[in-house]
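Novice: Those protein sequences? They're chains L and F, same order as listed.
Just so it is clear: in the first sequence, position 31 is 31 by my numbering, and no numbers are missing.
Offset between the second sequence (1-based) and my numbering: plus 1000.
Glycine residues also receive a C-beta, built at the ideal position from the N, C-alpha and C atoms.
Values in this document were obtained by computation on a predicted structure and should not be read as measured data.
There are 2 protein chains.
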Amino acid sequence: MLVVALDPPFSPVLGEDYLRIVREVDPYAQGFKVGLPLILRRGVDVLGEIREATRKPVIADLKLADIGDVMASALCVLAEQGVDAVIAHGFVGVEGSLDKLVEEAEKLGVEVIVVASMSHRGSEKYIDKHVTEIVEDSLRLGVHGLVLPATRPSLIRLARGLVGGSLRIYSPGVGHQGAQPGDALCAGADYEIVGRAITRSESPGQAARAVLERQLERVRACRG
Amino acid sequence: MLVVALDPPFSPVLGEDYLRIVREVDPYAQGFKVGLPLILRRGVDVLGEIREATRKPVIADLKLADIGDVMASALCVLAEQGVDAVIAHGFVGVEGSLDKLVEEAEKLGVEVIVVASMSHRGSEKYIDKHVTEIVEDSLRLGVHGLVLPATRPSLIRLARGLVGGSLRIYSPGVGHQGAQPGDALCAGADYEIVGRAITRSESPGQAARAVLERQLERVRACRG
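1. What separation, rounded to the nearest whole angstrom, lies between the Cα atoms of I1067 of chain F and G1096 of chain F?
2. Would you tell me roughly how many angstroms separate the C-alpha atoms of D1007 of chain F and L1014 of chain F, rounded to the nearest one?
3. Give the straight-line distance between the Cα atoms of V77 of chain L and V86 of chain L, rounded to the nearest whole angstrom.
4. Buried or exposed, going by whether 16 or more other CB atoms sit within 10 Å of the CB of G1161 of chain F?
5. Kindly indicate if chain F contains any beta-carbon less than 7 Å away from that of E95 of chain L.
6. Have a look at L:E80, L:S138, L:A65 and L:S73 and flag the residue whose alpha-carbon is nearest the alpha-carbon of S1123 of chain F.
7. Can you name the start and end residues of the beta strand (DSSP E) that I193 of chain L belongs to?
8. Can you tell me whether K1125 of chain F is helix, strand or coil according to DSSP?
9. Answer with yes or no whether the minimum CB distance from I1067 of chain F to chain L is below 7 Å.
10. Could you compute how far the alpha carbon of V1034 of chain F sits from the alpha carbon of A1060 of chain F?
11. Do you know offhand how far V110 of chain L's Cα is from V1219 of chain F's?
12. How big is the Cα-Cα spacing for E1202 of chain F and V1211 of chain F?
13. In the DSSP assignment, what residue or residues form a beta bridge with S1171 of chain F?
14. What does the alpha-carbon distance come out to for the pair P1057 of chain F and A197 of chain L?
15. Would you list the residues sitting across from A179 of chain L in a DSSP beta bridge?
16. Please decide whether S1123 of chain F counts as near chain L, where near means a Cβ-Cβ distance under 7 Å.
17. Closest Cβ-Cβ distance between Y126 of chain L and chain F: below 7 Å?
18. Would G1035 of chain F pass as an interface residue toward chain L - the criterion being a Cβ-Cβ separation below 7 Å?
19. Would you mind listing the alpha helix (DSSP H) stretches within the segment 1031-1104 of chain F that are 4+ residues and don't spill past its ends, in chain order?
20. Which class does E1111 of chain F belong to by DSSP, given the choice of helix, strand or coil?
21. DSSP three-state call for L139 of chain L: helix, strand or coil?
22. Is L155 of chain L near S119 of chain L, with beta carbons less than 7 Å apart?
23. Pull up the DSSP beta-bridge partners for L1006 of chain F, would you.
24. Are V1025 of chain F and P1172 of chain F closer than 7 Å when you measure CB to CB?
25. With 16 as the cutoff for other CB atoms within 10 Å, does E16 of chain L come out buried or exposed?
26. Since V114 of chain L and L146 of chain L should fall inside the 8 Å C-beta cutoff, what is the C-beta to C-beta distance between them, to a whole number of angstroms?
27. Name the residue from F:H1144, F:L1148 and F:G1224 whose alpha carbon lies nearest to the alpha carbon of V1131 of chain F.
28. In chain order, what residues of the same chain have a beta carbon less than 6 Å from the beta carbon of A5 of chain L, not counting five sequence neighbours either side?
29. Using 6 Å as the cut-off, classify the Cβ of Y191 of chain L as near or not near the heavy atoms of the ligand ZN, replying yes or no.
30. For I1134 of chain F versus G1090 of chain F, is the C-beta spacing smaller than 7 Å?
31. A1074 of chain F versus chain L: which residues are under 7 Å apart at the beta carbon?
32. Pick out whichever of L:G82, L:R55 and L:L36 has its Cα sitting closest to the Cα of P27 of chain L.
33. Would you report the Cα separation of A74 of chain L and A105 of chain L, rounded to the nearest angstrom?
34. Within a Cβ cutoff of 7 Å, which residues of the same chain sit near A207 of chain L, ignoring the five residues on either side of it in sequence?
35. Return yes when the Cβ of V46 of chain L is within less than 7 Å of the Cβ of L38 of chain L, no when it is not.
36. State the start and end residues of the unbroken alpha helix (DSSP H) segment that holds G1161 of chain F.
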């Protein structure tokens, strides 16, 4: 239920030791998400290092949002590092963009997760007006999952209603951005993505366990 | 009028020698755009190397499309390499996203260029429905420029009408994607972004000169 987002800066105690975070939180995490800042700072090899350090899925979160050729070219480099999934924006549309990415991803054995809404306020202005259509695009493309924010549980409920059990829902926005552990799970998400509350803790393993316990407690209450 | 996009694969004759391309096309280019595939493949230092090899502006085109904190964090790494501008998507909205990026960019002395439409077919489905609003957001934010595709000259005209002379317009989609050199300039763009027609040529300098000549010829005709 917990995916840990490895975005710097980490706790000063840990410095740049992201592999220690991976090892410490591994028993509590069902996956790791690595964003653009860490990849830029440490190079794309960081993905391969993390891939080696855990048996859980590694998700490259570059929020790809380009024409198909460019995303496919980036995907090749990410696939060489052994990533299990990549995150791309649904807002770019299918023709000449996501269609090509998904085709290439299938060849390379990498899953695609599509952003259907985001956690910040600005998402309401454009992206959130097209959530239903983006979810429908994702169903037609047959991707692995969707990203929908824990800060907007109504959109998670909407998407879950549309996709049933056919797509996984990943939900960021827990902790620093305002949602509580379990909020998104209770609304229908499969995974909550938690970063700072864990990676800026002096003790990431204990912090991850605490989040997982709060998730379980909340889910027991909401699912009866 | 010409910005050269340095996206691999390059001409087999050149292999990975992107600095040779920079040197050869430099007399004809007014800037260089470096995309995610080359940055992932060769590391972020590629930006610093290109920055050293030319006096023309270097634009990091990662099509940033994330929450403000993540984009600001990525921007810091790009700024360390001396880039002059970064490209970000307008569809992510302002609050909690572009507002934070622009604030950080101003501190670091980096320009922001906002994507208001894209060159592939899928752009019509969502992004193109919000072009006017994205251009208005960009004006309010006081960014340096906009990206609008050469394949949709009517949108370039629309944007130019809205911004007057206050924002620069960069236009990809020339060559491989179907627009002819000069199409976007005649519609009101300041720069046309050309990649493959130059970087996959055995002689990038000659190819760049040919594009520039075709641009000048076309502009003379359309502007009288």
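Specialist: Taking the structure as given:
1. 6 Å
2. 13 Å
3. 11 Å
4. exposed
5. yes
6. L:A65
7. Y191 to V194
8. coil
9. yes
10. 5 Å
11. 45 Å
12. 15 Å
13. F:E1192
14. 39 Å
15. L:V174
16. yes
17. With 7 Å as the cut-off, Y126 of chain L counts as an interface residue toward chain F.
18. Answer yes: the Cβ-Cβ gap between G1035 of chain F and chain L drops below 7 Å somewhere.
19. Fully enclosed alpha helix (DSSP H) runs of 4 or longer: 1036-1042, 1045-1053 and 1068-1080.
20. strand
21. helix
22. No, the Cβ-Cβ distance between L155 of chain L and S119 of chain L is not below 7 Å.
23. F:V1034
24. no
25. exposed
26. 6 Å
27. F:L1148
28. K33, I193 and G195
29. Because no ligand of any kind appears in the structure shown, any question about the ligand ZN cannot be addressed here.
30. yes
31. Within 7 Å Cβ-Cβ: L36, P37 and L40.
32. L:R55
33. 11 Å
34. A197, I198 and S201
35. yes
36. P1153 to V1163
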